[in-house]
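Participant: Protein chains in written order, with the working numbering: chain D, 1 to 204; chain G, 1 to 204; chain V, 1 to 204; chain Y, 1 to 204.
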DNA sequence: GGGTAACCGAGACGGTACGTCTAGTCTTTAA
DNA sequence: TTAAAGACTAGACGTACCGTCTCGGTTACCC
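(1) Identify, in the order they occur along the chain, each residue of the same chain with its Cβ nearer than 8 Å to the Cβ of residue 115/Y, setting aside the five sequence neighbours on each side.
(2) Could you give the C-beta distance for residue 99/G and residue 200/G, rounded to a whole number, given that I count them as a contact under 8 Å?
(3) Looking at chain Y, is there any beta carbon in it that lies within less than 8 Å of the beta carbon of residue 124/V?
(4) Under the rule that 16 or more other beta-carbon atoms within 10 Å means buried, what is residue 27/G, buried or exposed?
(5) Please report the straight-line C-alpha distance between residue 151/Y and residue 141/Y, rounded to a whole angstrom.
(6) Measuring only the C-alpha atoms, how far is residue 37/D from residue 155/G?
(7) To the nearest angstrom, report how far apart residue 184/Y and residue 132/V are at their CA atoms.
(8) Please name the residue, chosen from 97/G, 124/G, 143/G, that lies closest to residue 86/G on a Cα-to-Cα basis.
(9) Roughly how many whole angstroms lie between the Cα atoms of residue 123/V and residue 20/D?
(10) Which of helix, strand or coil does DSSP assign to residue 145/V?
(11) Residue 106/Y to residue 92/Y, Cα distance in whole Å?
(12) When the distance is taken between beta carbons, is residue 134/G closer than 8 Å to residue 72/G?
(13) 8 Å is my cut-off, CB to CB: does residue 15/D come that close to chain G?
(14) Could you check which residue in 160/Y, 112/Y, 165/Y, 164/Y has the C-alpha nearest to that of residue 41/Y?
(15) Closer than 8 Å by C-beta to residue 126/G: which residues in its own chain qualify, once you throw out the five before and the five after it? Chain order, please.
(16) Using a Cβ-Cβ cut-off of less than 8 Å, give me the residues of the stretch 37-66 of chain V that come near chain Y, in sequence order.
(17) Please classify residue 190/Y as buried or exposed, where buried requires at least 16 other C-beta atoms within 10 Å of its C-beta.
(18) Determine which residues of the stretch 173-190 of chain G have a Cβ less than 7 Å from any Cβ of chain D, and write them out in chain order.
(19) Please tell me whether residue 74/Y and residue 32/Y are closer than 8 Å, where the distance is taken between their beta carbons.
(20) Listed from N- to C-terminal order along the chain, which residues in the stretch 64-98 of chain G have their beta-carbon within a distance smaller than 9 Å of any beta-carbon of chain D?
(21) Where are the alpha helix (DSSP H) runs, 4 residues long or more, that stay fully inside the stretch 103-170 of chain Y, in chain order?
(22) In this structure, how does DSSP classify residue 177/G when only helix, strand and coil are distinguished?
(23) Can the beta-carbon of residue 177/D be found less than 8 Å from the beta-carbon of residue 176/G?
(24) With a cut-off of 8 Å on the beta carbons, I'd call residue 203/D and residue 169/D a contact; round off their distance for me.
(25) What do you get for residue 130/G, buried or exposed, if any count of 16 or more other CB atoms within 10 angstroms of its CB means buried?
(26) Whole angstroms is fine: what's the gap from residue 161/D's alpha carbon to residue 83/G's?
(27) Grouping DSSP H, G and I as helix and E and B as strand, with all else coil, what is residue 81/V?
(28) Chain V partners of residue 119/Y, CB-CB under 8 Å?
(29) Quick one: Cα of residue 52/G to Cα of residue 25/G, how far?
(30) Report all residues from its chain with a CB closer than 8 Å to the CB of residue 48/V; omit the five preceding and five following residues, and keep chain order.
(31) Where residue 167/Y and residue 158/V are concerned, what is the direct C-alpha to C-alpha distance, given to the nearest angstrom?
(32) For residue 147/D, count neighbouring Cβ atoms within 10 angstroms of its own Cβ and tell me buried if that reaches 16, exposed if not.
(33) Find out if the Cβ-Cβ distance for the pair residue 104/Y, residue 43/Y is shorter than 8 Å.
(34) Could you have a look at residue 188/D and say whether DSSP puts it in helix, strand or coil?
(35) Taking all protein chains shown into account, do 16 or more other C-beta atoms lie within 10 angstroms of the C-beta of residue 68/G, making it buried, or fewer, making it exposed?
(36) Give me the residue from 102/V, 66/V, 29/V, 55/V with the minimum Cα distance to residue 196/V.
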């Protein structure tokens, strides 16, 4: 899934009809996202200002407002378009293995500096439904869908209990990781490992 | 535990020596907390401003800053001092029962309007370590400690596996509820019930 | 004198050699001037924007900038090309009559809505020498020259004092009218009449 | 007349009851007016921005907006509070002398750099009735009243015609000077002298 | 009648300034 | 000493225009 595509206005170049007017500057777009990423290494999501991004990217504020509805959208775009956040995993040997891999990958993505940024994005989104929607579509949906498939497969091949409620199971898998994230607890290999241990026992 | 006491500077009037000068106005304090609660019914935590509180409470901004370090502290104080957020539960028949009660109570507290406010406070806290600390001390610690006791008791009396890691178990219990909260999913009796069903099976 | 000709770039069709390329669109030109006039009935000169004109006239901004150097030039063009601002007067019986007619005509032109617009143009011109030059060439020069001729004629035929300084006299004739205009005093028949009364006595 | 007093909010310290709250900072006020004067030596009235004043004066924009309704008000305050613009003249020997002195003083005040600034203020005021009112009250009214008194005195002692219309006469006296100002003509001793010559003849 | 040149509309671009808002601090009088 | 009132510096917000630019397309001429 291409994260970048989701919420910045995207011309579906299916139709070869070019619109009138000067076309969008790709270099400006890149400069904005790059500036955002750089600023995020020194500043929190909430303290990051559109003005600072515009200045750093040598871009007019209007150019940012033209293509993104709000600050959070820019940041989500900038952060989740990075390869580190792509959700690509090898085909697993079993449903359990798949889920284990999924949790471990998520744990690694949400550890350290990057985790802090995601937490701040998620925090910022709590007061802005639009931002939350963007966050979900861009980041969460993918993990959710993967887990859903794995759980269904596991139920079918006997790895997991047949009467397992998929939605609840996903909450139980993703919940603890995000809970550690937002409650300021460390997310490391140890905690992730212990979590998978306990969870896989549960699902059976 | 008296939430209100934790972080607003509180004179322990144990010593009957009255300090010189005008004493702290209890009516101002009440007015501030009440104004905050009222404003929160119409405004999100992030959009609520100290200025608005001061105006509504007919109080100088300085008075607020004198007694609370920041906006989040005021809000935490105002919200969690309400009886609905107190964590008082009857002594349970068993560890499992206690955990079930704990989850169900939390689910009720985090549903609806109140849940939204807690989510916004938690969101706001992601960028401010001080605020997060206050939130944890005032709201989370209590639940954490209760669960910890229950789990230990359960492990001792054979209800739960002896090798159960308490910290991980707490993450698995609280995580899903908070995950539903911050990801915008409904928290209702059904979801809470299904969660307890799955969890209690796990812990054994 | 055709006002419109003065400052919008005008090909002196002396040479009948037509240049290559698409010729200037007369319909766009008309649309721009008409839109400007219409907008001026609702908006002040200073608040009128090139963008608004372009939008109203369904014209690209570039087209305006191609043919006029700045906003004031467009407005001067739009306003003073109207017949009401042409300076055509019947041949007078005497120099005094000519001057009286000139003042009265000017008074009528600078009264009411039109007067307000001229005042705003003149105001806008105070900070832009180019705009002032255009205003003078398009509107003022004509009146100045007419008065100059009349005064010289009057001095020759004995109506006015021979030692009358023409430049000063013109200042004394035009000054009061413009002073009333820019100081927000009404310009009506009464005030104009009283002015001519006083002035014609002066010049003798 | 103290120009400065007219339109910046002024506490009439008649009543010795001081209001609660931090009082207006006189040093900020001085810094704002001084910064405005300095900036005006390099920039035109129209290009001068509130932001530039605030920056130069090390003052919050809000402080400016709190005490002056708009840019023009600040500038009028800054410019006309200077001693050079005070309208203090020695008691004249005659009405004619008084008028001559008045015109010559005005001529000197409106010549050179200062004249340019006044012209720009007057220009700016053409689109803003409030600004025009302030300009009149602060600068024009005084001259108007002086001339009015002188003319009435002159009519009574026989220097001027009894049937002279005072309002019209003032227009004829002030008009030419302002006309030269706004039409970009030099105002110097020669032109002022020739004007008085002609005018004083008229009024008789 | 194809090439070329200047025009056209549309609209994105980097910028500047606006006037408003809030933060957190400071300074006064009143209690 | 604390309270209320409210002014202070600072700086971000989102909007409006500026004057320039870059497109695809149009409309004349000239060879």
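C-beta: ideal position from N, C-alpha, C; glycine also.
Facilitator: So, from the data block:
(1) 109, 181, 187
(2) 7 Å
(3) yes
(4) exposed
(5) 15 Å
(6) 47 Å
(7) 8 Å
(8) 143/G
(9) 38 Å
(10) helix
(11) 16 Å
(12) yes
(13) Residue confidence is low: residue 15/D scores 45 on pLDDT, short of 50, so the model does not pin down where it sits. Its coordinate-derived value is still stated next. No - not a single Cβ of chain G is within 8 Å of the one on residue 15/D.
(14) 112/Y
(15) 132
(16) 44, 45, 46, 47
(17) exposed
(18) 174, 175, 176, 178, 179, 180, 182, 183, 184
(19) yes
(20) none
(21) 112-125, 129-135, 141-156
(22) helix
(23) no
(24) 6 Å
(25) exposed
(26) 40 Å
(27) coil
(28) 126
(29) 19 Å
(30) 36, 39, 40, 71, 75
(31) 30 Å
(32) buried
(33) no
(34) coil
(35) buried
(36) 102/V
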